[in-house]
Each structure stands twice: as C-alpha cells, then as structure tokens.
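Residue numbers (the UniProt record's numbering): 1 to 398. Ideal Cβ positions, reconstructed from N, Cα and C, are used throughout, including at glycine. Everything numeric in this text was worked out from a predicted model, so none of it was measured. Data first, discussion second: the structure below is written as structure tokens.
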C-alpha cells in the first residue's frame with residue numbers, strides 16, 4: 001500500500017513568499033489571457049498583415065485629375081451580398097471622427113479619403129493605425145484613398161506595437177467636439193489626427209478644391225450594397241439605425257400598396273439637424289426633442305440655406321410622438337427645388353455629378369435625377385427610444 005502523498009513544506013519564509021509570488025503572477029497572466037480583446041498572437045498577426053500591398057488597384061477619375069486607390073490597407077468586408085451600408089467621405093483633417101461614427105453604425109462602411117500631396121504619408125499611416133488599434137475599423141470599413149493624379153503612394157511604413165509611438169500622449173481636451181474615445185490604444189492612434197485637424201477645415205484646403213462629389217461616388221462604388229446611406233463625415237446617425245431600417249424593409253415587403261412608388265424610386269429621407277458645439281449628439285429622438293425645445297438643436301442649414309431643407313417639414317416631424325415600436329414611414333413628399341435631403345436609397349440611383357466641387361448646391365443634381373418620390377421616415381421605439389434622426393457634430397458656436 002502506497003504512502004499518502006504529502007506536499008513538501010517550504011524550507012524558509014523566503015521560499016514560501018517566492019512560491020506565492022509565482023502563483024499570483026501565473027493567475028494574473030491567466031486572467032489577462034481570458035479577458036476579451038486582442039491576444040498578443042492576434043496583434044502580431046495583424047501587424048504582419050499590415051505589411052500587405054497598400055491598395056488592390058488604382059484608377060484615374062474621368063477628368064484625369066485624381067487617382068483613386070481602392071481598399072487601402074485591406075479590409076475584411078465581403079465583396080458582395082451587403083444589404084445596407086453607409087458611405088462617407090473626408091479629408092485627413094476630419095478622419096479623427098471615424099471611431100465615433102462606428103460606435104453608432106455597427107455595420108459595413110465605405111470611406112473615401114482625400115489627401116493632398118504633402119498629406120499622403122500621414123493619410124496612409126493614419127489608416128494603418130486606425131485598422132490596428134480602433135475597434136471595428138479592420139472588420140467594417142473599406143478605405144478608398146483619393147489623391148492628385150501625379151502622386152505616387154509611399155511604401156507602407158513598418159507597423160508598430162501598441163504604445164510604440166513617442167510623444168503622442170492623449171489630451172482629454174481633444175475630445176471637446178466629439179464623442180469621447182473609450183479605447184486607450186485607439187486614443188493614442190487618434191492623437192496625431194486630432195492635432196492635424198487644427199491645420200485645415202475638411203473643405204478649406206487652401207488653393208486645392210475638395211472634390212466632394214467624386215468622393216461620394218468613390219465611397220458608393222467601393223462597397224456595393226442593396227441600400228446605401230450617404231452622409232458627410234461630421235454627421236452621426238441615430239443608434240440602431242441599420243438594424244431598424246432592415247426591419248422596416250422586411251415589414252414593407254408584405255404590405256406594399258399600388259399607390260406607392262416602386263422600391264427603386266423611393267428615397268427614405270432622414271431629417272438632418274445640427275447641434276450646438278458644446279453639446280453631445282443625442283442618441284435618439286426623445287433626447288433630441290428636449291434639446292430642440294431649448295434651442296440647442298436646429299434644422300440643418302437653417303442659416304446658410306433654409307430653403308434647401310424646408311421640404312423636410314421639420315416642425316411636423318419634430319412634433320411626432322417619440323414612442324412606438326420599430327420604424328415606419330411618417331409622410332410622403334414630392335421632390336421640389338432646391339431640396340437637398342440626406343436619404344437612404346437603392347444603389348441603383350444615379351451617381352453624383354463630379355464636375356461639382358466644394359460645397360454649395362453640389363448634391364442637388366443627383367437628388368433631382370434620382371426620383372420624384374421620397375418618403376420621410378418616422379422614427380420608432382426599440383430599447384432606448386426613437387431612432388432615425390441625424391445630427392451634425394460641432395455645427396455652430398455661440
């Protein structure tokens with residue numbers, strides 16, 4: 001019969017303390033390994049993956065003035081079969097707003113990024129950092145880089161481990177006009193972009209025009225989908241919009257009316273509003289209504305071009321109740337000049353006229369050619385409240 005197994009007692013207090021420290025260290029490593037997030041092996045794999053070719057292909061635009069590089073850095077999005085996507089555009093100076101947009105939009109997104117001659121290396125490095133360190137960018141975003149046609153892309157710089165950058169500490173004041181970034185590695189990736197935004201406004205690039213319609217078309221083409229919402233980079237959709245709109249489409253397929261236009265000629269207009277610079281963008285309509293009542297929110301372009309948004313009928317929409325399940329159509333309107341709404345459409349609508357550059361009546365040709373009918377969506381309730389509104393961040397001061 002074997003003698004009972006006994007553990008050897010420590011020979012000294014020092015040996016017992018050392019054994020305890022080893023045990024605690026092992027438990028800490030096990031805890032860190034079990035935490036959700038990126039494992040060291042996974043991060044190393046992504047760093048190696050970042051050394052792939054910078055873009056799959058490139059082409060000149062119709063004018064020959066710009067070159068478009070598709071899928072810069074490589075994304076994990078499917079090439080087809082996407083039901084509903086978001087398309088947006090920006091210069092390098094507004095790129096810092098992407099993570100906040102992704103927290104609202106939990107679905108595929110295509111971004112057309114414009115960079116001047118001296119900004120191309122910064123743009124390439126920014127895309128790489130966002131893909132490596134900001135949640136959702138690698139999995140849900142495809143980048144199209146647009147540059148003056150005479151430029152050549154630089155070699156992709158070596159990827160660095162998280163925290164390897166020097167002198168890029170996070171300043172909380174950089175969050176003053178956007179939603180705070182909760183992810184520390186992403187904070188460090190955004191720090192140089194926040195500083196870069198102080199050099200220019202998104203559309204004010206000195207002697208260079210901002211080819212917004214070219215960028216809009218580039219974003220739409222980069223991610224083919226059945227329906228697309230196209231907005232500017234400094235706009236945020238309400239939370240849960242993607243899922244609720246797909247539910248709306250499903251419900252309308254079984255309840256179509258002969259009086260309604262065919263789906264290809266229907267635009268679902270999202271009321272666009274702008275919010276005072278010092279305020280955070282509301283998540284739902286109930287919160288937005290409270291801000292509207294105290295004049296912290298106002299209709300989009302209410303000073304620059306009130307006629308351009310007047311057909312949306314904001315007073316009617318804002319007074320609709322903020323309760324009720326799901327999304328539904330609130331009312332229907334014909335298009336009238338010079339209405340420039342933001343809307344969800346089929347991908348079959350005509351492209352934007354790329355001869356228009358800068359801002360000011362640059363979207364109207366596409367809107368007038370797309371359809372005669374438009375449906376203004378009545379936001380619905382699910383969870384936190386109403387959905388389907390859209391606000392401009394950092395709109396006006398005073």
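Could you name the residues of the same chain whose beta carbon sits closer than 8 Å to that of residue i, not counting the 5 residues immediately before and after it, in chain order?
| i | result |
| --- | --- |
| residue 219 | 87, 88, 89, 110, 111, 112, 144 and 230 |
| residue 225 | 82, 83, 84, 85, 108 and 347 |
| residue 354 | 61, 62, 63, 211, 213, 214 and 217 |
| residue 341 | 267, 269, 270, 272, 309, 311, 312, 367 and 374 |
| residue 302 | 274 and 309 |
Less than 7 Å between C-beta atoms, sequence neighbours within five positions excluded: which residues of the same chain meet that for residue i?
| i | result |
| --- | --- |
| residue 64 | 149 |
| residue 31 | Unreliable placement is indicated for residue 31, whose pLDDT of 48 sits below 50; the coordinate value is still reported in the next sentence. Same-chain partners within the cutoff: there are none. |
| residue 314 | 271 and 299 |
| residue 252 | none |
| residue 279 | 291 and 296 |
| residue 80 | 224 |
| residue 198 | none |
Suppose contacts are defined by Cβ-Cβ distances below 7 Å. Is residue i in contact with residue j by that definition?
| i | j | result |
| --- | --- | --- |
| residue 300 | residue 273 | yes |
| residue 183 | residue 135 | yes |
| residue 180 | residue 133 | no |
| residue 147 | residue 75 | no |
| residue 213 | residue 114 | no |
| residue 93 | residue 196 | yes |
| residue 101 | residue 189 | no |
| residue 275 | residue 297 | yes |
| residue 127 | residue 73 | yes |
| residue 209 | residue 116 | no |
Identify every residue that forms a DSSP beta bridge with residue i.
| i | result |
| --- | --- |
| residue 292 | Per DSSP, none; premise fails for residue 292. |
| residue 342 | 270 |
| residue 57 | 70 |
| residue 143 | 111 |
| residue 86 | 109 and 229 |
| residue 351 | BP columns for residue 351 are empty, so no partner. |
| residue 297 | 275 |
| residue 91 | 114 |
| residue 148 | 66 |
Please identify the residue among the options whose C-alpha is closest to the C-alpha of residue i.
| i | options | result |
| --- | --- | --- |
| residue 82 | 92, 291 and 228 | 228 |
| residue 248 | 180, 329 and 152 | 329 |
| residue 412 | 279, 265, 288 and 277 | One cannot answer for residue 412 here, as it falls past the ends of the chain, which runs 1 to 398. |
| residue 265 | 80, 292 and 332 | 332 |
| residue 241 | 78, 281, 104 and 80 | 104 |
| residue 67 | 354, 151 and 243 | 151 |
| residue 99 | 337, 139, 252 and 302 | 139 |
| residue 78 | 278, 223 and 316 | 223 |
| residue 95 | 277, 337 and 125 | 125 |
| residue 250 | 327, 69, 281 and 106 | 327 |
| residue 106 | 243, 198 and 303 | 243 |
What residues in its chain sit with their C-beta under 6 Å from that of residue i, if we drop five residues either side in the sequence?
| i | result |
| --- | --- |
| residue 336 | 311 |
| residue 407 | For residue 407 there is no data in the structure shown, the boundaries of the chain being 1 and 398. |
| residue 316 | none |
May I ask you to verify whether the stretch 345-352 touches the stretch 301-310, counting CB pairs closer than 8 Å and requiring at least 3?
Contact annotation: the stretch 345-352 does not touch the stretch 301-310, with fewer than three C-beta pairs closer than 8 Å.
Three or more C-beta pairs closer than 8 Å, one from the stretch 118-136 and one from the stretch 233-243: is that the case here?
The stretch 118-136, when compared against the stretch 233-243, does not touch it at the 8 Å Cβ threshold.
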